[in-house]
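Visitor: Chains as they are written, first to last, in my numbering: chain A, 806 to 1097; chain B, 9 to 416. Note that CB positions come from ideal geometry on N, CA and C, so glycine has one too. After the structure tokens below, expect a handful of questions from me.
Take a look at the structure:
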């Protein structure tokens, strides 16, 4: 019924969608794992990343602006999160999860209004550089060039994350803190700053995801809510706090969505969620080992 | 009692009686209170703000000479795109603020909730200005609800009539899975099929509202090879969809129609990257027709608010003029008399000509423009060209058809 070109193009666009989801949820999962904070404001930070990217490309037009945005927008988000961590979060880590959930929800509303205050309610849009603009025809199916770029960036980020958590001292400490924070403190490491770093690092990923997504969407208020729901589903099916679980979760989510719209377009909405239900029925704690 | 004392009491009594008799006349000259419930946060805020600006401009003009000796004053509430919040805010405006007229909402669900639970039960006139569900003045219409927005039946009919003139046969329907999306899809398909019976619907796809990545949907639709697609999205979802249509090169082989695709709130953010050749329908464009009235309206609006008026501003401006016009015609501040006066009322359109509030179903009559997106040298964003204007008679569903839906 469906030709190879249609199946191939759905696989391809689904895979590139998964890459963005992975970058954002890896950060969410990292914060969950190390700090035990279910950060609902993660989506708002993604939104700030996208809006910052818009401002940077307005200041510096052309391809240079795009590359600068990819670099600076996540740093802007990191700065915002550093302020939030030192002023608010660092006093709250000992609270129960429900409190943290409510607190981060409140923060997401505040950040949402701050975005409206700073950038206004109008929709924004930025262009991908000429290199990634337009589409390429593969076996008769036309695919946006930008999706190729996402497919290159995604694995690069994954490798970078692996190197960071396994090969650097800071990464190892953060992983250790995720398993046993008292022990990390007992060997003389300043846990407070490890936590601050872990939080900022996780939020940096949200900003990077937002900046990468910016050229493909209409940048508007509300893009945070949509993403954060998907984000939590992904980290749940992957295994809470497990970054590689976030990768697998993103792939399941992105691909089931892409094939769902090909096979059963009227009811495509339910596909990724059905996949989530099936995974949770079979493995209630997620696919990979949860650190919780 | 001495005579002078007696006449003193009589005189005092006379003064009191006279002043009491004067009171109702004095109280007539009070201000008219309008309660606005709309979305001022989240993605729809861009339309909510535009409507509010249009209304403010009308009110400023009206208040220069006043209405029935008073002025129009208004108060706003942000319902955050939530029908339940809109309903409780409308109640609060009626009970505590004692508003004379309720106005607002971009969310069709909110409009229907306010219409049923507040306007109808409390007998307070409610004028809808952005929400487009045809149920508002159709199936669920009643004496106390009016619409100054074009509804999905009008938009769908305009799209259907416009598309019927094109050579396309195989259609796909795609959109956001909510009231507006389905309503516009049903209406467009109904009227297209009626105008051109040999069209065929080969499939439908629906995605959740707010979905950011539509590329998988677009590639899946193009695999089915339709001639044209009826897209049923609104606001930021539409900007998103058009952007991704451009990125995938979707519209090179497949014609795309959206209601309000030629709205500048949708096209402007995309700048020069919006695709050409997409068709759309809308009741107001700030650059068409270039009547002296429209030029003056756009210039004044631009000066006051820094950007040209969109269709919400146009609807809301007319709403303001309708409110003032109806009170003048009614001659007093009375809700029932206001409704009688508003039925069939005609006010000057800021685009030129007159606009009528149809008496039979309380739906405003607007002509609709059908156009194709094109880059023109005088604008730094894509605008509509090849514009064809369908008259109010062309796009309005018949009174008896609308009233039939109410009797069920």
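#1: Taking the C-alpha atoms as reference points, what is the distance between residue 45/B and residue 250/B?
#2: Identify each residue in the region 209-221 of chain B for which the Cβ-Cβ distance to at least one residue of chain A is less than 8 Å, and report them in chain order.
#3: Taking only the alpha-carbon atoms, compute the straight-line gap between residue 410/B and residue 847/A and give it to the nearest angstrom.
#4: Between the region 175-208 of chain B and chain A, which residues of the former have CB atoms less than 9 Å from a CB of the latter, in chain order?
#5: Could you compute how far the alpha carbon of residue 339/B sits from the alpha carbon of residue 346/B?
#6: Would you say residue 223/B faces chain A, with C-beta separation under 8 Å as the test?
#7: What are the residues that DSSP puts in a beta bridge with residue 274/B?
#8: Can you name the residues that DSSP bridges to residue 86/B?
#9: Suppose the cutoff is 6 Å on Cβ atoms and the five residues either side in sequence are ignored; what does the same chain contact list for residue 892/A look like?
#10: Assuming residue 264/B contacts residue 193/B (C-beta within less than 8 Å), just tell me the rounded distance between them.
#11: Please list, in chain order, the chain B residues whose beta carbon lies closer than 7 Å to that of residue 951/A.
#12: Counting only Cβ pairs nearer than 7 Å, list the residues of chain B close to residue 1066/A.
#13: If the cut is a Cβ gap below 8 Å, which residues of chain B does residue 811/A touch?
#14: Using only CA atoms, which one of 287/B, 238/B, 97/B, 253/B lies nearest to residue 391/B?
#15: With a 10 Å radius around its C-beta and 16 neighbouring C-beta atoms as the bar for buried, classify residue 160/B as buried or exposed.
#16: Any beta carbon from chain B within less than 8 Å of residue 865/A's own beta carbon?
#17: Using a Cβ-Cβ cut-off of 8 Å, state whether residue 936/A counts as contacting chain B.
#18: Which runs of the beta strand (DSSP E) at least 3 residues long sit entirely within the region 277-323 of chain B? Give them in chain order.
#19: Tell me, to the nearest whole angstrom, how far the beta carbon of residue 291/B is from that of residue 319/B; I am working on the premise that it is less than 8 Å.
#20: Using DSSP with H/G/I as helix, E/B as strand and the rest coil, what is residue 823/A?
#21: Excluding the 5 residues preceding and the 5 following residue 988/A in the sequence, name in chain order all residues of the same chain whose CB lies nearer than 8 Å to its CB.
#22: Using the C-alpha atoms, what's the distance from residue 242/B back to residue 99/B?
#23: Hey, does residue 279/B have any beta-carbon neighbour from chain A nearer than 8 Å?
#24: Using only the alpha-carbon positions, how far apart do residue 356/B and residue 176/B sit?
#25: Report the residue from 167/B, 343/B, 335/B whose alpha carbon sits nearest the alpha carbon of residue 375/B.
#26: Less than 8 Å between CB atoms is the rule here; does residue 53/B satisfy it with respect to chain A?
#27: Any idea if residue 1088/A is buried or exposed, counting beta-carbon neighbours within 10 angstroms, 16 or more meaning buried?
#28: Using CA atoms only, rank isn't needed, just tell me which of 121/B, 307/B, 353/B is closest to residue 329/B.
#29: Sort 92/B, 145/B, 101/B by Cα distance to residue 118/B and report the nearest one.
#30: So is residue 949/A buried or exposed if we call it buried at 16+ other beta carbons inside 10 Å?
#31: Name, in chain order, the residues that DSSP records as bridge partners for residue 41/B.
#32: So is residue 998/A buried or exposed if we call it buried at 16+ other beta carbons inside 10 Å?
#33: Taking 8 Å as the limit between beta carbons, can you name the residues of its chain near residue 223/B, skipping five residues before and five after?
#34: Pull out every residue of the region 41-68 of chain B whose Cβ sits closer than 7 Å to any Cβ of chain A, in chain order.
#35: Do you know offhand how far residue 184/B's Cα is from residue 148/B's?
#36: With which residues is residue 364/B paired in a DSSP beta bridge?
Guide: Looking at the atomic coordinates:
#1: So the two alpha carbons sit approximately 30 Å from each other.
#2: Against chain A - using a Cβ distance shorter than 8 Å - the residues of the region 209-221 of chain B are 211, 212, 213, 214, 215, 216, 218, 219, 220, 221.
#3: 47 Å
#4: 180, 182, 185
#5: Their Cα atoms are separated by approximately 9 Å.
#6: Yes - at least one Cβ of chain A is within 8 Å of the one on residue 223/B.
#7: DSSP lists no partner for residue 274/B.
#8: According to DSSP, which records beta bridges pairwise, residue 86/B is partnered with 46/B.
#9: Contacts found: none.
#10: Incorrect: roughly 14 Å between the Cβ atoms, too far for contact.
#11: 255
#12: Those are 213, 224, 225, 228, listed as they occur along chain B.
#13: 227, 228, 231
#14: 287/B
#15: buried
#16: no
#17: no
#18: 287-290
#19: The pair is a contact, with the Cβ atoms about 6 Å apart (cut-off 8 Å).
#20: helix
#21: 981
#22: C-alpha separation (whole angstroms): 28 Å.
#23: yes
#24: 38 Å
#25: 167/B
#26: yes
#27: Under this definition residue 1088/A is an exposed residue.
#28: 353/B
#29: 92/B
#30: buried
#31: Looking at the DSSP assignment, residue 41/B forms a beta bridge with 81/B.
#32: exposed
#33: Taken in chain order, the residues that qualify are 252, 255, 256.
#34: Of all residues in the region 41-68 of chain B, 49, 50, 51, 53, 54, 57 have a Cβ within less than 7 Å of some Cβ in chain A.
#35: 23 Å
#36: Beta-bridge analysis with DSSP links residue 364/B to 354/B, 373/B.
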